[in-house]
Amino acid sequence: MKLIAALFIVASFSNLQWLHNYNEAVQLAQKNHKHILLNFSGSDWCGPCIRLRDEVFSTDNFKKLADANLVLLNADFPRNKKNQLPSAQQQINDALAEKYNPQGAFPYTVLLNENGKVIKA
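Quick note: the sequence shown, position 75, residue 76 per the numbering used here, numbers continuous.
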C-alpha cells in the first residue's frame with residue numbers, strides 16, 4: 002500500500018500544468034494566493050530553453066516548489082512549421098512578450114505576483 006501511495010505522489014508531480022492563457026493564470030493565482038512564473042521559450046529551436054525545461058523544470062524539486070507556490074505560464078515561440086501555434090495563441094504570446102519581454106530574450110523567466118506585477122525578471 003505504501004508503494005502505491007508513493008507512486009501516486011510521484012505521478013502527481015510528473016506532469017506540471019503549464020497554462021498558456023494569461024487571464025486564466027492570474028485568476029488561478031489570485032484564487033490560490035500564488036505567484037505566477039512566466040516562461041518565454043523557443044521550444045523547438047532554443048538550446049538553452051530546452052536545457053532549462055529538461056534540467057530544471059523537469060526536476061522533482063522544481064515540481065514540488067511549483068506545485069506548492071506557483072502558477073506556471075508558458076509563452077512559446079516555436080519556429081518549425083509543424084509546431085506553429087494557432088494565430089490566436091501567437092497573438093497572446095506576442096502581447097505577453099511586448100509587456101514582459103520587450104528585448105526578446107530566450108529563455109526568459111519572470112516572476113509575477115498574483116495580479117501580474119513583476120516581482121523579479
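Where a beta carbon is used, it is the ideal one built from N, C-alpha and C, also for glycine.
Leaving out five residues on either side along the sequence, give the residues of the same chain with a beta carbon under 6 angstroms from the beta carbon of Asn-102.
Hits under 6 angstroms: Phe-41 and Tyr-109.
Is it the case that the segment 31-38 contacts the segment 112-119, given that we only count it when at least three CB pairs across the two stretches are under 8 angstroms?
Counting Cβ pairs under 8 angstroms, three or more are found: they touch.
Whole angstroms are fine: how far does the CA of Asn-16 sit from the CA of Lys-100?
In a straight line, the C-alpha of Lys-100 is about 28 angstroms away from that of Asn-16.
Distance check for Leu-97 and Ile-120, CA to CA, integer angstroms please.
Near 16 angstroms, if we compare the C-alpha coordinates of Leu-97 and Ile-120.
Locate the beta strand (DSSP E) running through Ser-42, then write down its first and last residues.
Element bounds for Ser-42: 36-42.
Cβ of His-43 within 8 angstroms of Cβ of Pro-79?
Per the sequence presented here, residue 43 reads as Gly, with His not at that position. In this structure, the beta-carbon distance from Gly-43 to Pro-79 falls below 8 angstroms.
Where does Asn-94 land, buried or exposed, given buried means 16+ other C-beta within 10 angstroms?
Buried, since its Cβ has 16 or more Cβ neighbours within 10 Å.
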